[in-house]
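One structure is given here, and the rest of the page talks about it.
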Amino acid sequence: MCSATSFPDEKKMSVIFRMEPGSLGPDGGQYIKEFCDFAQTQLQACAAYYINFFIEPRFDKTLAEMSFILANKSLNQQQVEKYLDLFGEEYSHFEDQLESNLEAIIDQFFGR
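Counting with our numbering, you get residues 2 to 113 for the letters of the sequence shown.
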């Protein structure tokens, strides 16, 4: 298995998570961009070597909350599940971990 430093970027799955400003409270719109930058740095620091995280504000509700890209192609959930399975990861666990990590990052951002 490849180490984190030698795993090629083009084989990493990009996870784009669009964060709702309201998730940060009633004034979330004031600091959503700053939070997204902070969250992306925090998530990427502890991410699996085969994942790249991109956290961005979700101002356009027509866009999915989460999307996945591999080799410049969008993946559906079944394709994501197959990709994660290659690394012994289950989609539901991945999703739960992401949600849990984001909750902790929100607390960290606000110094709670």
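For every residue, glycine included, the Cβ atom is placed at its ideal position computed from N, Cα and C.
Since this is a predicted model, take the numbers as computed values, not measurements.
Contact set for residue i: own chain, Cβ-Cβ below 6 Å, skip 5 residues either direction
i   : result
Q43 : I106
Q45 : F54
L76 : F69
Between the CA atoms of residue j and residue i - distance to the nearest angstrom
i    : j   : result
E90  : S24 : 27 Å
T27  : S7  : For clarity, residue 27 is Pro in the given sequence; the question names Thr instead. Roughly 43 Å separates the two Cα atoms.
E82  : E21 : 25 Å
N73  : K12 : 10 Å
A48  : Q78 : 19 Å
Q109 : G29 : 15 Å
P9   : L87 : 15 Å
Range of the contiguous alpha helix (DSSP H) that encloses residue i
i   : result
G36 : First, the residue type needs correcting, since residue 36 is Phe and not Gly in the sequence shown. Counting along the chain, the alpha helix (DSSP H) containing F36 begins and ends at 33-46.
Bounding residues of the beta strand (DSSP E) (the contiguous stretch that carries residue i)
i   : result
F18 : 14-20
Any non-hydrogen atom of the ligand FMN closer than 6 Å to residue i Cβ
i   : result
V16 : Absence of the ligand FMN from the depicted structure is noted, as is the absence of any ligand whatsoever, leaving it without description.
Cβ-based neighbour list, residue i, same chain, cut-off 7 Å, excluding 5 preceding and 5 following
i   : result
F95 : L85
Q41 : F54, F55, I56
Across the segment 17-36 and the segment 58-72, are there enough close Cβ pairs to call them in contact, namely three or more that are closer than 8 Å? yes
Could I get the ranges of all uninterrupted beta strand (DSSP E) runs contained in the segment 57-99, with 3 residues as the minimum, in chain order? 67-71, 74-76
So does the segment 29-37 actually touch the segment 52-63, counting three or more Cβ pairs closer than 8 Å? For the pair of segments examined, the segment 29-37 was found to touch the segment 52-63: the number of CB pairs separated by less than 8 Å reaches three.
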